[in-house]
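Going by the working numbering, the sequence shown runs without a break in its numbering and finishes at 267. Ideal Cβ positions, reconstructed from N, Cα and C, are used throughout, including at glycine.
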Amino acid sequence: MTGLLATKPRPLDVPALAAEALWQELALTPKPGLVDRLNNGSHRDMDHALFVRSIMAITPWFSRFAELGNTHADKPAGEQLRLLRPMGMACEQAMYAATNGVNTHKGGIFALGLLCFAAGRVKNISAESLCCEVSNICHGLVSRELAERSGQATAGERQFRQYGLTGARGEAESGFATVRKALGQWNGHSLHGLLLRLMAINQDSNLVSRGGIEGLGYVQDYARELLADGWDGEALRRMDNALIERNLSPGGSADLLSVGWVLAAIK
Numbered sequence: 001m002t003g004l005l006a007t008k009p010r011p012l013d014v015p016a017l018a019a020e021a022l023w024q025e026l027a028l029t030p031k032p033g034l035v036d037r038l039n040n041g042s043h044r045d046m047d048h049a050l051f052v053r054s055i056m057a058i059t060p061w062f063s064r065f066a067e068l069g070n071t072h073a074d075k076p077a078g079e080q081l082r083l084l085r086p087m088g089m090a091c092e093q094a095m096y097a098a099t100n101g102v103n104t105h106k107g108g109i110f111a112l113g114l115l116c117f118a119a120g121r122v123k124n125i126s127a128e129s130l131c132c133e134v135s136n137i138c139h140g141l142v143s144r145e146l147a148e149r150s151g152q153a154t155a156g157e158r159q160f161r162q163y164g165l166t167g168a169r170g171e172a173e174s175g176f177a178t179v180r181k182a183l184g185q186w187n188g189h190s191l192h193g194l195l196l197r198l199m200a201i202n203q204d205s206n207l208v209s210r211g212g213i214e215g216l217g218y219v220q221d222y223a224r225e226l227l228a229d230g231w232d233g234e235a236l237r238r239m240d241n242a243l244i245e246r247n248l249s250p251g252g253s254a255d256l257l258s259v260g261w262v263l264a265a266i267k
């Protein structure tokens, strides 16, 4: 798998790139702890065929996100999330209908949906302009939805209170800072290399949900060791087996891999 050397849509067609990014992420094999062409990773309720159905259900929505962004391009960025949420939830329902209720791409819908929506709003599309616009759209999101909420805490709120982890909301509010950092260290060839760089630095809430803060640290350390010592397909398969044995799945990094593919394609 050679990442950007693969055939891709027109560089500025962000909705088409978003869909292609999901196919690229799914095809990448081996993918430690994640669904790929070899196995189901640490997931008993998912397989490759389920992800195919999910991507096909999600794809039509990316152009709708962009069209919605274009329709409201003259409105302040801070007012946009309330306009985007209903469409995002409708896209999630399309995913659930295709997967019989299994959450295959909720994080991807959130991140890529924001990118497509931002693409509809900005005049000159670039990786920098999209990330800046997403950050503006999500300004204050962590404070509103994690820091200041009361009542029964969600998993994301508990992780924020215990460990200061901001999850997908924080990554979006930062303008995908983790993705941009990983891209800056990547040679632009192997998507495995980009995935490992993301796994090494991403504060992946999926890993914390499955293995606690220790599980997150285990995966980050493993990825850093491979990056430092060198890796090949066999090393990735060993990592895959280790994560499956521990029921760890870096799903957050998989979502960010798709974001990274889009940003690298249009940079």
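Under 8 angstroms by Cβ, that's how I've got Ile137 and Leu12 pegged, so tell me the actual separation to the nearest angstrom.
Here residue 137 is taken as the residue at index 137 of the sequence shown, counted from 1. Here residue 12 is taken as the residue at index 12 of the sequence shown, counted from 1. 19 angstroms between Cβ atoms; not a contact.
Helix, strand or coil at Pro9 [DSSP, three-state]:
Mapped onto the sequence shown, residue 9 falls at position 9. Any reading at Pro9 is ruled out, since the residue's pLDDT is 46, under 50, leaving its predicted position unreliable.
For the segment 33-58, list the beta strand (DSSP E) runs that are entirely contained and at least 3 residues long, ordered along the chain.
none
Beta-carbon proximity of Lys267 to Ala177, cut-off 8 angstroms:
By one-based count along the sequence shown, residue 267 stands at place 267. By one-based count along the sequence shown, residue 177 stands at place 177. No; because the gap between Cβ atoms is not below 8 angstroms, this pair is not in contact.
By the 10 Å Cβ neighbour count, where 16 or more other Cβ atoms means buried, how is Ser249 classified, buried or exposed?
Residue numbering aside, residue 249 sits at position 249 when the sequence shown is read from its first letter. With 16 or more Cβ atoms within 10 Å of its Cβ, Ser249 is classed as buried.
Contact check, Leu141 vs Glu157, beta carbons under 8 angstroms
Working through the sequence shown from its first residue, we reach residue 141 at position 141. Working through the sequence shown from its first residue, we reach residue 157 at position 157. Cβ distance not < 8 angstroms, so Leu141 and Glu157 don't count as in contact.
Mapping the DSSP letters down to three states, classify Glu148 as helix, strand or coil.
Along the sequence shown, one-based indexing puts residue 148 at 148. If DSSP states are grouped into helix, strand and coil, Glu148 belongs with coil.
Are Ser42 and Ile244 touching if we call contact CB-CB under 8 angstroms?
For the purposes of this step, residue 42 is taken as residue 42 along the sequence shown, with counting starting at 1. For the purposes of this step, residue 244 is taken as residue 244 along the sequence shown, with counting starting at 1. Cβ distance < 8 angstroms, so Ser42 and Ile244 count as in contact.
Inter-residue spacing [alpha-carbon to alpha-carbon] between Gln203 and Thr166:
To locate residue 203, count along the sequence shown from 1; it is residue 203. To locate residue 166, count along the sequence shown from 1; it is residue 166. Spanning the two alpha carbons is a distance of roughly 8 angstroms.
Does DSSP put Trp61 in a helix, a strand or coil?
On the sequence shown, position 61 is the one that residue 61 refers to. Helix, per DSSP.
For the segment 183-197 against the segment 25-44, are there 3 or more C-beta pairs whose distance is under 8 angstroms?
Touching, per the Cβ criterion.
Check Gln159 in the structure and name its three-state DSSP category.
Position 159 of the sequence shown, counted from the first residue, corresponds to residue 159. The answer is helix: DSSP assigns Gln159 an H, G or I state.
Mind checking which residues open and close the alpha helix (DSSP H) that includes Val179?
On the sequence shown, residue 179 is found 179 positions in, with the first residue counted as 1. It spans Ala177 to Gly184 - the alpha helix (DSSP H) in which Val179 sits, taken as one unbroken run.
How many angstroms separate the CA atom of Arg161 from the CA atom of Arg169?
For this step, residue 161 is matched to residue 161 along the sequence shown. For this step, residue 169 is matched to residue 169 along the sequence shown. If you take the alpha carbons of Arg161 and Arg169, they lie about 14 angstroms apart.
Contact check, Ala21 vs Trp261 under 8 angstroms by CB: the rounded distance?
Within the sequence shown, residue 21 is the residue found at index 21, counting from 1. Within the sequence shown, residue 261 is the residue found at index 261, counting from 1. Right, the Cβ-Cβ distance comes to about 4 angstroms (below 8 angstroms), so this counts as a contact.
If you drop the 5 nearest sequence neighbours on each side, which residues of the same chain put their C-beta closer than 8 angstroms to that of Ile201?
Position 201 of the sequence shown, counted from the first residue, corresponds to residue 201. Thr178, Lys181, Ala182 and Gln220, listed in sequence order.
In three-state terms, what does DSSP make of Thr2?
Within the sequence shown, residue 2 is the residue found at index 2, counting from 1. Because Thr2 carries a pLDDT of 39, less than 50, the predicted location of this residue cannot be relied on, and no value is offered for it.
Measuring only the C-alpha atoms, how far is Leu256 from Cys132?
Locating residue 256 in the sequence shown gives position 256, where the first residue counts as 1. Locating residue 132 in the sequence shown gives position 132, where the first residue counts as 1. C-alpha separation (whole angstroms): 16 angstroms.
Spatial distance of Ser135 from Pro15 (CA atoms):
Locating residue 135 in the sequence shown gives position 135, counting from the first residue. Locating residue 15 in the sequence shown gives position 15, counting from the first residue. Looking at the two C-alpha atoms, the distance is approximately 19 angstroms.
In chain order, which continuous runs of the alpha helix (DSSP H) of length 4 or greater are located wholly inside the segment 91-125?
106-121
Any idea if Asn39 is buried or exposed, counting beta-carbon neighbours within 10 angstroms, 16 or more meaning buried?
Here residue 39 refers to the residue found at position 39 of the sequence shown. Buried, because 16 or more other Cβ atoms sit within 10 Å of the Cβ of Asn39.
For my contact list, Ala19 and Phe62 are in at a C-beta cut-off of 8 angstroms; report their separation, rounded to the angstrom.
As a first step, residue 19 must be located in the sequence shown, where it is residue number 19. As a first step, residue 62 must be located in the sequence shown, where it is residue number 62. Their Cβ separation, rounded to whole angstroms, is 6 angstroms, which keeps Ala19 and Phe62 in contact under 8 angstroms.
Residue range of the alpha helix (DSSP H) that includes Asn187
For this step, residue 187 is matched to residue 187 along the sequence shown. Here Asn187 belongs to no alpha helix (DSSP H), and DSSP marks it neither H nor E.
Whole angstroms is fine: what's the gap from His139's alpha carbon to Glu225's?
Walking along the sequence shown from the start, residue 139 turns up at place 139. Walking along the sequence shown from the start, residue 225 turns up at place 225. Between His139 and Glu225, the C-alpha separation is close to 35 angstroms.
For Gly88, does the count of other Cβ atoms within 10 angstroms reach 16, so buried, or fall short, so exposed?
Stepping through the sequence shown from its first residue, residue 88 is reached at position 88. Classification for Gly88: buried.
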